[in-house]
Amino acid sequence: MSPVVVGIADLKFAEPPHKLVSYGLGSCVAIVLHSKEDILGAMAHIMLPLAYSHRDHETPGKFADTAVAAMVHQVEARGLGPSRFVAKLAGGADMFAGHFKGTGRRIGARNILAARKTLDHFGIRLVAQDVGGTAGRSVEFSIETGLLTVRTLRGEVKEM
Amino acid sequence: MEKDRPTTSPPLSREQVAALQEVAAIAAMQAGNALSSLSRIPVQISAPEVSVLRLSEIPTLFGGLDAPAIGVLVPFQGDMEGNGLLLFPEKGIRELEGALLGLPIPAGDDLRRSAFAEIGNILTGKLLTVLSTLSEKIVVNLPPLVIQDMAGAILDAILAEVGARTDEVTVLVFKLSDPDGANLVRSVLIPGSAGIELFLEAAGRLKKDS
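Residue numbers (the numbering used here), protein chains in the order written: chain A, 1 to 160; chain B, 1001 to 1210.
This is the structure we're talking about:
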């Protein structure tokens, strides 16, 4: 069964036996929501912390705040409450170690912070995270087991 | 809250795209010849692609996002400001290391870092020199930054830098290959509106002089 690939600025829901994957996260953050009871999972691959204008809501997967809000909206549309879900985060590295001075400045750290705050705002418990540092990550999420596997090019594998 | 923030690039006419391609092709030729001289690999130069893409589409130009790559980020400033990014895939890294240093170098080694910083400097320098000379404006490259990681993770950073300003960008993609067509390096340049103006000025002077 081929995995459901979540590209940059995208968000997707999936059910078993599918797995959700996202490749090559640098400063971007994968936000995973999972409900064990409902056997439902979602992943967003956000690139920026906060939406600037109403037009940004056309691409909710691009920003941490709109991505979490859109996922909650879709959860509610299925008749479920967001509190049934837990969250996991991965990514948010500082790839060019402080080089960018514009909107890319400390973007990884700002993405992580925005994701945490927005999850908190919606009452979604953050249960695991592998964030920060200076290395890229690829992630795979099993909706069946709730396990998020994070890999780096250095051969590190974390399951959480 | 920026209510009037532009979320798309102004559309370019077919003539403007052709003009950008013409200047980019001269720059690619210069860069390719420089890499050939440096490495003694007969470098194949592809016609640069000019595309208007959504930010999410840019990583798809570079293939495997979790594939190992060396990224060389070359900042530039002057009448055009921004960052050029060169991505060297694994095969290109091995070929260039073999040609330049005579042996494969372990990942993270300073010698490897220096070699690819120099290649990035030379290639981007050639491009910017063509642009500066033709447009009679000043654009200079700054010291490059080199990282070794997944291709997608390297691209992330530059997309985040432009991503808050726009959803769609005009992208110039340069590709240099070995004689078998294997990719040695791909470069992406997101010139922004000031950069596009500069390219168009350069093309205008080129037309006038011919």
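By construction, the Cβ of each residue, glycine as well, lies at the ideal position given by its N, Cα and C atoms.
Anyone know if the C-beta pair for residue i and residue j falls short of 8 Å?
| i | j | result |
| --- | --- | --- |
| B/M1150 | A/S142 | no |
| B/A1019 | B/A1203 | yes |
| A/A44 | A/M71 | yes |
| A/M95 | B/A1153 | yes |
| B/L1155 | B/F1062 | yes |
| A/I8 | B/P1059 | yes |
| B/N1083 | B/P1089 | no |
| B/K1175 | B/S1046 | yes |
| B/L1055 | B/D1180 | no |
| A/F140 | A/V5 | The sequence given here places Glu at residue 140 of chain A; Phe does not occur at that position. Taking 8 Å as the Cβ cut-off, A/E140 and A/V5 do not qualify as a contacting pair. |
| A/A128 | A/M160 | yes |
| B/A1034 | B/I1093 | no |
| B/L1206 | B/V1023 | yes |
| B/V1188 | B/V1171 | yes |
| A/A93 | A/T134 | yes |
| B/L1198 | B/M1080 | yes |
What residues from chain A crowd round residue i, counting only those whose CB sits closer than 8 Å?
| i | result |
| --- | --- |
| B/L1159 | I8 and M47 |
| B/A1202 | Ordered by position in chain A, no residue passes the 8 Å Cβ test against B/A1202, which lies about 25 Å from the chain. |
Opposite residue i in the DSSP bridges: which residues?
| i | result |
| --- | --- |
| A/H45 | A/A30 |
| A/T149 | A/E140 and A/E159 |
| A/V131 | A/G91 |
| A/S22 | A/V139 |
| A/S83 | Paired residue(s): none; A/S83 is not in a bridge. |
| A/L126 | A/A87 |
| A/V4 | A/L20 |
| A/F13 | A/A42 |
| A/S35 | A/L40 |
| A/F63 | A/L48 |
Chain B partners of residue i, CB-CB under 7 Å?
| i | result |
| --- | --- |
| A/L153 | P1068, D1149 and M1150 |
| A/K117 | The premise fails here: A/K117 is roughly 17 Å from chain B at the closest Cβ pair, so nothing lies under 7 Å. |
Along chain A, in chain order, which residues have C-beta atoms closer than 7 Å to that of residue i?
| i | result |
| --- | --- |
| B/D1167 | T59 |
By the criterion of Cβ-Cβ separation under 8 Å, what are the contact partners of residue i in chain B?
| i | result |
| --- | --- |
| A/K158 | The contacting residues do not exist; A/K158 stays about 15 Å from chain B at best. |
Is residue i close to chain C? Criterion is C-beta to C-beta, closer than 8 Å.
| i | result |
| --- | --- |
| B/D1110 | Annotation note: the requested chain C is absent from the structure, which comprises protein chains A and B. |
Check the Cβ of residue i against every Cβ in chain A and list those closer than 9 Å, keeping chain order.
| i | result |
| --- | --- |
| B/D1156 | I8, G24, L25, G26, S27, C28, M47, G91, A93, M95, I107, G108 and G136 |
| B/A1099 | Within 9 Å Cβ-Cβ: nothing; B/A1099 doesn't reach chain A, min ~24 Å. |
Let me check you understand the geometry: is the CB of residue i closer than 7 Å to at least one non-hydrogen atom of the ligand MN?
| i | result |
| --- | --- |
| B/I1093 | As for the ligand MN, it is missing from this structure, which has no ligand bound. |
What residues from chain B crowd round residue i, counting only those whose CB sits closer than 9 Å?
| i | result |
| --- | --- |
| A/K62 | L1055, S1056, G1163 and D1167 |
*Using a Cβ-Cβ cut-off of less than 7 Å, list which residues of the stretch 1048-1081 of chain B approach chain A; keep chain order.*
The stretch 1048-1081 of chain B vs chain A, Cβ under 7 Å: L1055, S1056, P1059, L1065, D1066, P1068 and L1073.
*Relative to chain B, which residues along the stretch 19-35 of chain A have a C-beta separation below 7 Å, given in chain order?*
Within the stretch 19-35 of chain A, those residues whose Cβ lies closer than 7 Å to any Cβ of chain B are, in chain order, Y23, G24, L25, G26, S27 and C28.
*Only counting runs of 3 or more residues, tell me where the beta strand (DSSP E) segments fall wholly within the stretch 1076-1148 of chain B, in order along the chain.*
Counting only runs that start and end inside the stretch 1076-1148 of chain B, the beta strand (DSSP E) elements of at least 3 residues fall at 1082-1089 and 1139-1141.
_What ranges does the beta strand (DSSP E) occupy inside the stretch 1149-1191 of chain B, keeping only unbroken runs of at least 3 residues that lie completely in it?_
Runs of the beta strand (DSSP E) inside the stretch 1149-1191 of chain B: 1168-1177 and 1183-1189.
*Scan the stretch 1007-1076 of chain B and note each continuous beta strand (DSSP E) run of 3 residues or more that stays entirely inside, going in chain order.*
The beta strand (DSSP E) runs of length 3 or more contained entirely in the stretch 1007-1076 of chain B are, from start to end of the chain, 1049-1054.
*What are the residues of the stretch 1115-1145 of chain B that lie near chain A, defined by any Cβ-Cβ distance shorter than 7 Å?*
Among the residues of the stretch 1115-1145 of chain B, those with a Cβ less than 7 Å away from any Cβ of chain A are L1145, in the order of the chain.
*Give the residues from the stretch 1167-1195 of chain B that approach chain A closer than 7 Å (Cβ to any Cβ), ordered along the chain.*
Here the close residues are D1167.
_Residues, ordered as in the chain, of the stretch 1018-1047 of chain B that lie near chain A by beta-carbon distance below 9 Å_ = Flagged: no residues at all.
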